[in-house]
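Student:
Number of protein chains: 2
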Amino acid sequence: MSWRKEERRAERGYHHGNLKEALLQAALGLIAEKGAAGFTFADAARMAGVSAAAPYRHFRDRDELLSSIAQRGFEQFEARLTAAWDDGRPDTVTAFERVGRAYLAFAREEPAFYNAMFESGLPVDANPALQAASERAFNIIRAAAERLAALAPPGAPRPPAMMMALHIWSMAHGVASLFSRGDAARRKLPMSPDELLEAEVLIYLRGLGFPTDRRPPAKSAEPPPVPPEAPSGSGVPPGGPWGKPK
Amino acid sequence: MSWRKEERRAERGYHHGNLKEALLQAALGLIAEKGAAGFTFADAARMAGVSAAAPYRHFRDRDELLSSIAQRGFEQFEARLTAAWDDGRPDTVTAFERVGRAYLAFAREEPAFYNAMFESGLPVDANPALQAASERAFNIIRAAAERLAALAPPGAPRPPAMMMALHIWSMAHGVASLFSRGDAARRKLPMSPDELLEAEVLIYLRGLGFPTDRRPPAKSAEPPPVPPEAPSGSGVPPGGPWGKPK
DNA sequence: AGCTCATGTGAACGGCTTTTACATGAGCCC
DNA sequence: GGGCTCATGTAAAAGCCGTTCACATGAGCT
């Protein structure tokens with residue numbers, strides 16, 4: 000039972016068969032564990048059971064592996080935001096907040112992707128594919144903001160949707176970076192990152208004149224995809240978006 | 000005129016005299032240039048004209064040098080935020096916004112510090128001195144938020160100052176990280192990061208019920224340090240905080 | 001069966017981090 | 001001034017990593 004060298008070799012022969020994918024998975028694990036900075040190409044190779052030179056058959060260099068992971072991360076990110084947005088159902092504000100929570104959830108649950116995407120220091124705009132993927136993810140937030148802006152209360156000037164999207168993105172990104180990841184998450188807060196972001200977005204939307212009172216849990220079995228959605232309240236929930244003050 | 004080896008040696012003799020400081024400065028330059036990830040201990044030593052082993056007389060390892068820079072960064076950050084806050088002069092909202100701009104200005108003008116502080120991936124809470132320095136910087140924002148919360152419009156529930164501080168911090172950090180640094184700054188925006196953040200904060204404050212109309216340029220030669228500051232307007236500037244919509 | 005080419009190996013180069021034994025000389029005591 | 005001592009610097013070496021190159025292997029096609 001003491002094969003150590005030929006172990007992997009015996010299992011898979013000279014050729015790995017699926018090395019590219021194995022390397023991506025190994026790297027994902029290593030990044031989650033030690034950060035993009037601590038991750039080494041050699042380690043990933045070792046973990047996949049191949050020599051240190053093998054990865055070069057699949058990635059030009061270490062950076063390209065990192066880029067591939069970031070790319071994949073942006074794709075999953077986009078998918079999760081899209082699912083959370085759910086085309087604005089059951090109503091725009093609720094869906095919008097769900098997108099915010101999805102942002103934080105992604106940062107929390109996919110630390111390796113998040114790290115590669117936002118904290119690895121790789122030049123996103125130097126890689127067109129990467130930039131495009133990042134753009135597509137942002138466009139979900141942008142689309143949601145468009146829909147929200149279209150509901151702007153009458154009378155007041157309509158806020159630019161792009162600006163709203165950038166504002167929401169910066170809030171989500173700021174909360175995620177500062178409070179929802181790794182060590183930073185240990186900073187003791189008076190509320191969870193999710194609650195913090197939700198209150199922040201609600202106050203912001205109220206500042207734009209949107210009604211932001213809590214709706215009932217939407218018991219209707221199947222609400223229409225995009226209901227007329229008339230402004231439904233005064234916009235000032237009792238106690239404010241942050242709940243009971245002491 | 001061809002001394003290359005003894006050049007530095009001749010200038011400063013065997014002992015450098017101020018190596019610790021020289022290394023910090025060299026590292027600062029290198030980080031500004033290539034990021035905390037690209038910075039190497041050996042390069043800093045070379046730049047200071049000493050052998051690769053010399054730095055170990057002044058820093059336990061590469062990480063300790065990085066920590067020292069982050070520490071120094073937090074101190075300068077605190078100083079700049081303190082100056083921007085100016086104890087709430089000429090009025091709380093104006094001073095508050097100035098703090099926001101100072102946050103962005105620091106990120107933009109001190110990329111090396113900002114990088115070491117927020118993007119180098121070093122565990123801030125593993126180093127008590129570093130954590131304390133970071134805490135002190137945040138406390139400026141916290142103190143400003145306290146003052147702002149005290150001005151909360153009567154009638155509405157008073158927002159928790161800590162929550163406000165965390166919200167503002169996340170906005171500033173989000174904007175700085177996404178739009179005000181390096182490559183990311185190249186993303187084409189409909190407005191400058193400063194304007195983006197200012198509008199964001201104004202809308203947020205308005206969502207809390209604060210009056211946020213633009214005050215006249217405060218021509219009074221020497222306004223009183225902490226004027227009574229009665230709520231001064233309806234809170235809805237014509238055109239909104241984002242200026243003229245198209 | 002034999003050829004070819006994608007895929008993997010081992011060895012080697014240079015660079016980095018860190019440790020160790022040794023060198024230097026600044027500051028101090030007499 | 002002479003001599004001690006210790007902080008500060010050096011060279012050398014070990015171990016790791018990224019990357020390249022010549023060579024090995026064998027999967028798939030003809």
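Which chain is which? The protein sequence lines are A and B, in order. 0 is the number of the first residue of the first sequence in numbering that gives the first Met the number 0; add one for each residue after it. 0 is the number of the first residue of the second sequence in numbering that gives the first Met the number 0; add one for each residue after it. Glycine included, every Cβ here is placed at the ideal spot set by N, Cα and C. Owing to the predicted nature of the structure, the values given are computational and were not obtained by experimental measurement.
How should A:TYR203 be labelled, buried or exposed, when 16 other C-beta atoms within 10 angstroms of its C-beta is the threshold for buried?
Tutor: Mapped onto the first sequence, residue 203 of chain A falls at position 204. The residue in question, A:TYR203, is buried, as its Cβ has 16 or more Cβ neighbours within 10 Å.
Student: Since B:TRP241 is in the alpha helix (DSSP H), which residue starts that stretch and which ends it?
Tutor: In the second sequence, residue 241 of chain B corresponds to position 242, counting from 1. Neither: B:TRP241 is in no alpha helix (DSSP H) and is coded neither H nor E.
Student: Can you have a look at A:TYR113 and say buried or exposed, based on whether 16 or more other CB atoms are within 10 angstroms of its CB?
Tutor: Stepping through the first sequence from its first residue, residue 113 of chain A is reached at position 114. Answer is buried; the Cβ neighbour count reaches 16.
Student: Could you have a look at A:LEU29 and say whether DSSP puts it in helix, strand or coil?
Tutor: As a working note, residue 29 of chain A is residue 30 in the first sequence. It is helical.
Student: Residues of chain B with a CB under 7 Å from the CB of A:ARG205: which are they?
Tutor: Residue numbering aside, residue 205 of chain A sits at position 206 when the first sequence is read from its first letter. Ordered by position in chain B, the residues that pass the 7 Å Cβ test against A:ARG205 are GLY206.
Student: Spatial neighbours of A:ALA142 within its chain, please: CB distance less than 8 Å, with the 5 preceding and 5 following residues excluded, ordered by chain position.
Tutor: Numbered from 1 along the first sequence, position 143 holds the residue referred to as residue 142 of chain A. These residues qualify, in order along the chain: TRP84.
Student: Looking at B:PHE38 and B:ALA26, is the spacing between their C-beta atoms short of 8 Å?
Tutor: Translated into the one-based positions of the second sequence, residue 26 of chain B becomes position 27. Translated into the one-based positions of the second sequence, residue 38 of chain B becomes position 39. Yes.
Student: B:TYR13: which of B:GLY72, B:SER50, B:GLU32 and B:ALA35 sits nearest, CA to CA?
Tutor: Taking the second sequence and counting its residues from 1, one reaches residue 13 of chain B at position 14. It is B:SER50.
Student: Just to make sure I have the definition right: I need the residues of chain A whose C-beta is within less than 8 Å of the C-beta of B:LEU271. Which are they?
Tutor: Past the boundaries of the shown model lies residue 271 of chain B; chain B is included only from 0 to 245, so the question cannot be answered.
Student: Are the C-beta of A:PRO89 and some C-beta of chain B separated by less than 8 Å?
Tutor: Along the first sequence, read from residue 1 onward, the residue named residue 89 of chain A stands at position 90. No, A:PRO89 does not count as interfacial toward chain B.
Student: Please work out which residues of its chain come closer than 7 Å, Cβ to Cβ, to B:ILE57, disregarding the five sequence neighbours upstream and downstream, and give them in chain order.
Tutor: Position 58 of the second sequence holds residue 57 of chain B. It should be pointed out that residue 57 of chain B corresponds to His in this sequence rather than to Ile. Setting aside the 5 residues that flank it on each side, B:HIS57 is surrounded in the same chain by LEU18, LYS19 and LEU22, each with a C-beta closer than 7 Å to its C-beta; the list follows chain order.
Student: Using the C-alpha atoms, what's the distance from A:ALA52 back to A:PHE209?
Tutor: Within the first sequence, numbered from 1, the residue matching residue 209 of chain A stands at position 210. Within the first sequence, numbered from 1, the residue matching residue 52 of chain A stands at position 53. Their Cα atoms are separated by approximately 57 Å.
Student: Mind listing the chain A neighbours of B:VAL174? Cutoff is C-beta to C-beta under 7 Å, in chain order.
Tutor: Counting from 1 along the second sequence, the entry for residue 174 of chain B is found at position 175. The contacting residues are SER169.
Student: Determine the burial state of A:GLU199: buried for a count of at least 16 other Cβ atoms within 10 Å of its Cβ, exposed for fewer.
Tutor: Start at 1 with the first residue of the first sequence, and residue 199 of chain A comes out as number 200. It counts as buried.
Student: Flag B:PRO153 as yes if its beta-carbon sits less than 8 Å from any beta-carbon of chain A, otherwise no.
Tutor: Here the question's residue 153 of chain B lines up with position 154 in the second sequence. No, B:PRO153 does not count as interfacial toward chain A.
Student: Just the C-alpha distance for A:TRP168 and B:ALA101, rounded to the nearest angstrom, thanks.
Tutor: One-based indexing of the first sequence puts residue 168 of chain A at position 169. One-based indexing of the second sequence puts residue 101 of chain B at position 102. One C-alpha to the other measures close to 21 Å.
Student: Give me, in chain order, the residues of the same chain whose beta-carbon lies closer than 6 Å to that of B:GLY72; leave out the 5 immediate sequence neighbours on both sides.
Tutor: Taking the second sequence and counting its residues from 1, the one referred to as residue 72 of chain B is at position 73. Excluding positions up to five away in sequence, the list reads PHE112, ALA115 and MET116.
Student: Return the CA-CA distance between A:ALA144 and B:ALA106, expressed in angstroms with no decimal places.
Tutor: Position 145 of the first sequence, counting from 1, holds the residue named residue 144 of chain A. Position 107 of the second sequence, counting from 1, holds the residue named residue 106 of chain B. Roughly 27 Å separates the two Cα atoms.
Student: Just the Cα atoms here: how many angstroms apart are B:ASN126 and B:ASP62?
Tutor: Position 127 of the second sequence, counted from the start, is the residue given in the question as residue 126 of chain B. Position 63 of the second sequence, counted from the start, is the residue given in the question as residue 62 of chain B. CA-to-CA, the gap between B:ASN126 and B:ASP62 works out to about 11 Å.
Student: To the nearest angstrom, report how far apart A:ASP86 and B:PRO240 are at their CA atoms.
Tutor: For the purposes of this step, residue 86 of chain A is taken as residue 87 along the first sequence, with counting starting at 1. For the purposes of this step, residue 240 of chain B is taken as residue 241 along the second sequence, with counting starting at 1. The alpha-carbon atoms of A:ASP86 and B:PRO240 are separated by roughly 28 Å.
Student: How about A:MET116: is its C-beta nearer than 8 Å to some C-beta of chain B?
Tutor: The sequence position of residue 116 of chain A within the first sequence is 117, counting from 1. A:MET116 does not count as touching chain B.
Student: Mind reading off the beta-carbon distance from A:LEU121 to A:LEU65? Whole number of angstroms is fine, and I expect it under 8 Å.
Tutor: Taking the first sequence and counting its residues from 1, the one referred to as residue 121 of chain A is at position 122. Taking the first sequence and counting its residues from 1, the one referred to as residue 65 of chain A is at position 66. About 6 Å; that satisfies the 8 Å criterion.
Student: Classify B:ARG205 as buried or exposed, calling it buried when 16 or more other Cβ atoms lie within 10 Å of its own Cβ.
Tutor: The count along the second sequence starts at 1 and reaches residue 205 of chain B at position 206. With 16 or more Cβ atoms within 10 Å of its Cβ, B:ARG205 is classed as buried.
Student: Among B:GLN75, B:PRO158 and B:ILE68, which one has its Cα closest to the Cα of B:ARG135?
Tutor: Taking the second sequence and counting its residues from 1, the one referred to as residue 135 of chain B is at position 136. For the residues B:GLN75, B:PRO158 and B:ILE68, the minimum Cα distance to B:ARG135 belongs to B:GLN75.
Student: Taking the alpha helix (DSSP H) that B:ASP42 belongs to, which residues open and close that run?
Tutor: If you number the second sequence from 1, residue 42 of chain B lands on position 43. From DSSP, the alpha helix (DSSP H) with B:ASP42 extends over 40–47.
Student: Check the Cβ-Cβ distances between A:GLY120 and every residue of chain B, and say whether any is below 8 Å.
Tutor: The count along the first sequence starts at 1 and reaches residue 120 of chain A at position 121. A:GLY120 counts as touching chain B.
Student: Answer yes or no: does any C-beta atom of chain B fall closer than 8 Å to that of A:ILE30?
Tutor: Working through the first sequence from its first residue, we reach residue 30 of chain A at position 31. It does not; no Cβ of chain B falls within 8 Å.
Student: Quick check on B:LEU23: does DSSP put it in helix, strand or coil?
Tutor: Taking the second sequence and counting its residues from 1, the one referred to as residue 23 of chain B is at position 24. In the structure shown, B:LEU23 sits in a helix (DSSP, three-state: H, G or I).
Student: With C-beta atoms as the reference, is B:ALA69 less than 8 Å away from B:LEU129?
Tutor: Within the second sequence, residue 69 of chain B is the residue found at index 70, counting from 1. Within the second sequence, residue 129 of chain B is the residue found at index 130, counting from 1. Cβ atoms of B:ALA69 and B:LEU129: closer than 8 Å.
Student: Go ahead and pull the three-state DSSP assignment for B:ASN114.
Tutor: Walking along the second sequence from the start, residue 114 of chain B turns up at place 115. Of the three classes helix, strand and coil, the one that applies to B:ASN114 here is helix, per DSSP.
Student: Considering only their Cβ atoms, is the gap separating A:ALA160 from A:ILE140 smaller than 8 Å?
Tutor: The residue you call residue 140 of chain A lines up with position 141 of the first sequence. The residue you call residue 160 of chain A lines up with position 161 of the first sequence. Going by C-beta atoms, A:ILE140 is not nearer than 8 Å to A:ALA160.
Student: What distance in whole Å lies between the Cβ atoms of B:LEU103 and B:ALA171, which are believed to be in contact at a cut-off of 8 Å?
Tutor: For the purposes of this step, residue 171 of chain B is taken as residue 172 along the second sequence, with counting starting at 1. For the purposes of this step, residue 103 of chain B is taken as residue 104 along the second sequence, with counting starting at 1. B:ALA171 to B:LEU103, Cβ: 7 Å. Contact.
Student: Under a three-way DSSP split, which group does A:MET161 fall into?
Tutor: Taking the first sequence and counting its residues from 1, one reaches residue 161 of chain A at position 162. In this structure, A:MET161 counts as helix in the three-state DSSP scheme.
Student: Identify, in the order they occur along the chain, each residue of the same chain with its Cβ nearer than 8 Å to the Cβ of B:GLU197, setting aside the five sequence neighbours on each side.
Tutor: By one-based count along the second sequence, residue 197 of chain B stands at place 198. Cβ within range, chain order: GLU96, GLY99, ARG100 and PRO240.
Student: Using a beta-carbon distance below 8 Å, is B:ILE202 in contact with chain A?
Tutor: As a working mapping, residue 202 of chain B is identified with position 203 in the second sequence. Closer than 8 Å to some Cβ of chain A, the Cβ of B:ILE202 qualifies, so yes.
Student: Can you check whether the C-beta of B:TRP326 is within less than 8 Å of a C-beta belonging to chain A?
Tutor: In the structure as shown, chain B begins at 0 and stops at 245. Residue 326 of chain B is therefore absent and cannot be evaluated.
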